[in-house]
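In the working numbering, the protein residues as written are 494 to 1048.
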């Protein structure tokens, strides 16, 4: 049965508790705290479909906690005790004339905060409009509508599926398209019509899925590596590089490079960096926290190493439609703490070129540099170590000096929502024999290699959008050394000058996206979304991988 948009979002009466916002300020602004509390209760109570818990009941619960600052676990406990569906809470910080507002909505049943607002204001007068917008987001998240008393209009506002991404595009009332299913689960999904307008829906006829391989993909790229005019799919596992070419419905193996049992391949890219007209296969390899990266070329129908023992984490990014190889040496205290450089071909080898205007302490992974506003002005687009998406002006400053309390000129925007996420990792804690003795086993930690960030003008309006994966796990990202992502979504985000507009996102994909690209994998002249997906058995021990691709149909 296909449900309409209204039916999908229709719910029973929602119960919600609004907690008083915590305040951090040298000035006494308790009146702001009280005003925010009353305003949110008033705005949310305007709907007959939302039941807001009484203030006295909330006050009693706050007294019982005895805490001025609440963790998400505290908020969850309050929600369960009050027996509500959702809890609203947050904080307001004032330093001088600068005010930071951080509000969240916790879905108690799902134990996640899907709606949020993080804003920096100049003066307290700007706080009330932000709270009003937050109330709109909450209403639309719960009901799909905003009461006239909040919005001033009966017209619906866009849903807040991605917190703090700015207003979303109106919803197109179209029938939902079934996800492709197999007896073992849903391997992929179509772009969710509930979140699409002005974007291109997926063409189910253009869908393709490889057979299941009894191994775990750690990376993938697409490109013509044998110079035959046709693109190939290149995958890596921990110790192997394989070149496939799609023939009919199948993938044929064109070449294979097998490493040693102690190797740990963590990334693969395809680009012609040495300028000989043949795209190289660029692989990052980490062995006991020592970088032993290498580059392969397809010669005489076999893969040949043209460079080895390269001391960099390597990644190819695309700026102004030109591939750029960037590299980063491993740090002493943290693996990704060192500056990032362009890696160039000189003197018959790969050498360090100019330093990139990218903040220190960012990783080459989960990062790109491109224009997102339709101009030639490029900015750094990156996932931080906590998987928050950031837009940063190009600079050589250390990241910790950009993320100062109260904000900085370089940090333009940061998401409340997390994106990316990876199971791909290497052990970090010993770099050589001398250090190994002083690093106990409990000092060994996993360092995760984040997924790509792609930029592409999909809607042909002259502005490049961000296409990004969001991997999800039941355990979230709370445990440093334990991650088990089992589901994922893909987002298309567009910069509107203040934040990101969500053009579309897919439904949940049953499987962890290890890598992805937007390239022409089947040589039909059109780019497709290509995913390397890792599937786990019910017990989570057996890993199988597949390659998925699907077209974006025309309007």
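Glycine included, every Cβ here is placed at the ideal spot set by N, Cα and C.
Buried/exposed call for residue i, threshold 16 Cβ in 10 Å
{"i": "residue 1027", "result": "buried"}
{"i": "residue 615", "result": "exposed"}
{"i": "residue 872", "result": "buried"}
{"i": "residue 703", "result": "buried"}
{"i": "residue 723", "result": "exposed"}
{"i": "residue 818", "result": "buried"}
{"i": "residue 1003", "result": "buried"}
{"i": "residue 506", "result": "exposed"}
{"i": "residue 804", "result": "exposed"}
{"i": "residue 995", "result": "buried"}
{"i": "residue 893", "result": "exposed"}
{"i": "residue 792", "result": "exposed"}
{"i": "residue 841", "result": "exposed"}
{"i": "residue 848", "result": "exposed"}
{"i": "residue 869", "result": "exposed"}
{"i": "residue 512", "result": "buried"}
{"i": "residue 914", "result": "buried"}
{"i": "residue 999", "result": "buried"}
Backbone CA spacing between residue i and residue j [nearest angstrom]
{"i": "residue 726", "j": "residue 737", "result": "5 Å"}
{"i": "residue 543", "j": "residue 577", "result": "11 Å"}
{"i": "residue 1039", "j": "residue 802", "result": "30 Å"}
{"i": "residue 701", "j": "residue 742", "result": "8 Å"}
{"i": "residue 595", "j": "residue 732", "result": "44 Å"}
{"i": "residue 788", "j": "residue 836", "result": "12 Å"}
{"i": "residue 646", "j": "residue 992", "result": "Low local confidence applies: a pLDDT of 37 at residue 646 is under 50, so the model's placement there is unreliable, and no value is given."}
{"i": "residue 559", "j": "residue 627", "result": "27 Å"}
{"i": "residue 768", "j": "residue 1036", "result": "38 Å"}
{"i": "residue 588", "j": "residue 729", "result": "49 Å"}
{"i": "residue 711", "j": "residue 598", "result": "34 Å"}
{"i": "residue 976", "j": "residue 853", "result": "26 Å"}
{"i": "residue 990", "j": "residue 622", "result": "18 Å"}
{"i": "residue 547", "j": "residue 591", "result": "32 Å"}
{"i": "residue 600", "j": "residue 624", "result": "19 Å"}
{"i": "residue 565", "j": "residue 540", "result": "26 Å"}
{"i": "residue 800", "j": "residue 825", "result": "25 Å"}
{"i": "residue 888", "j": "residue 573", "result": "46 Å"}
{"i": "residue 960", "j": "residue 550", "result": "44 Å"}
{"i": "residue 790", "j": "residue 772", "result": "7 Å"}
{"i": "residue 585", "j": "residue 942", "result": "34 Å"}
{"i": "residue 766", "j": "residue 838", "result": "6 Å"}
{"i": "residue 580", "j": "residue 519", "result": "28 Å"}
Closest Cα partner of residue i within the set the options
{"i": "residue 552", "options": "797, 571, 804 and 520", "result": "571"}
{"i": "residue 1050", "options": "1036, 1038 and 1021", "result": "There is no way to answer for residue 1050, as the model of the chain reaches only from 494 to 1048."}
{"i": "residue 531", "options": "744, 850, 545 and 773", "result": "545"}
{"i": "residue 1008", "options": "747, 982 and 825", "result": "982"}
{"i": "residue 816", "options": "622, 716 and 955", "result": "716"}
{"i": "residue 1043", "options": "956, 1036 and 1023", "result": "1023"}
{"i": "residue 986", "options": "866, 827 and 916", "result": "866"}
{"i": "residue 633", "options": "941, 537 and 719", "result": "537"}
{"i": "residue 845", "options": "821, 825, 852 and 853", "result": "821"}
{"i": "residue 833", "options": "800, 782 and 891", "result": "891"}
{"i": "residue 561", "options": "631, 582 and 541", "result": "582"}
{"i": "residue 708", "options": "718, 721 and 734", "result": "734"}
{"i": "residue 611", "options": "602, 593 and 617", "result": "593"}
{"i": "residue 918", "options": "630, 956, 516 and 780", "result": "780"}
{"i": "residue 458", "options": "797, 630 and 617", "result": "No statement about residue 458 is possible, as the shown extent of the chain runs from 494 to 1048 and does not include it."}
{"i": "residue 458", "options": "797, 920, 575 and 910", "result": "The first residue shown for the chain is 494 and the last is 1048, placing residue 458 beyond what the model contains."}
Where the beta strand (DSSP E) containing residue i begins and where it ends
{"i": "residue 858", "result": "Counting along the chain, residue 858 falls outside any beta strand (DSSP E), and DSSP gives it neither H nor E."}
{"i": "residue 714", "result": "712-716"}
{"i": "residue 820", "result": "815-821"}
{"i": "residue 739", "result": "733-740"}
{"i": "residue 509", "result": "507-511"}
{"i": "residue 949", "result": "947-949"}
{"i": "residue 586", "result": "579-588"}
{"i": "residue 983", "result": "980-988"}
{"i": "residue 779", "result": "773-780"}
{"i": "residue 525", "result": "Where residue 525 is concerned, there is no enclosing beta strand (DSSP E), although the alpha helix (DSSP H) it sits in stretches over 523-538."}
{"i": "residue 1024", "result": "1021-1029"}
{"i": "residue 1036", "result": "1036-1045"}
Min CB distance residue i to chain B below 8 Å
{"i": "residue 958", "result": "Looking at the structure shown, chain B is missing, and only one protein chain is on hand."}
For residue i, the first and last residue of its enclosing alpha helix (DSSP H)
{"i": "residue 997", "result": "It is not in any alpha helix (DSSP H) - residue 997 instead sits in the beta strand (DSSP E) that spans 993-998."}
{"i": "residue 568", "result": "565-575"}
{"i": "residue 636", "result": "620-636"}
{"i": "residue 553", "result": "548-558"}
| Using 8 Å as the threshold, is the region 847-866 in touch with the region 946-954, meaning 3 or more CB pairs across them? | yes
| query | Three or more C-beta pairs closer than 8 Å, one from the region 842-858 and one from the region 798-811: is that the case here? | reply | yes
| Does the count of Cβ pairs from the region 745-764 and the region 890-909 closer than 8 Å reach three? | As far as the Cβ criterion goes, the region 745-764 does not touch the region 890-909, which means the pair count is below three.
| Would you call the region 906-923 and the region 880-889 in contact, with 3 or more CB pairs under 8 Å? | yes
| task | Please confirm if the region 953-968 is in contact with the region 823-840, defined as three or more CB-CB distances below 8 Å between the two stretches. | result | Output reads no: the region 823-840 does not touch the region 953-968.
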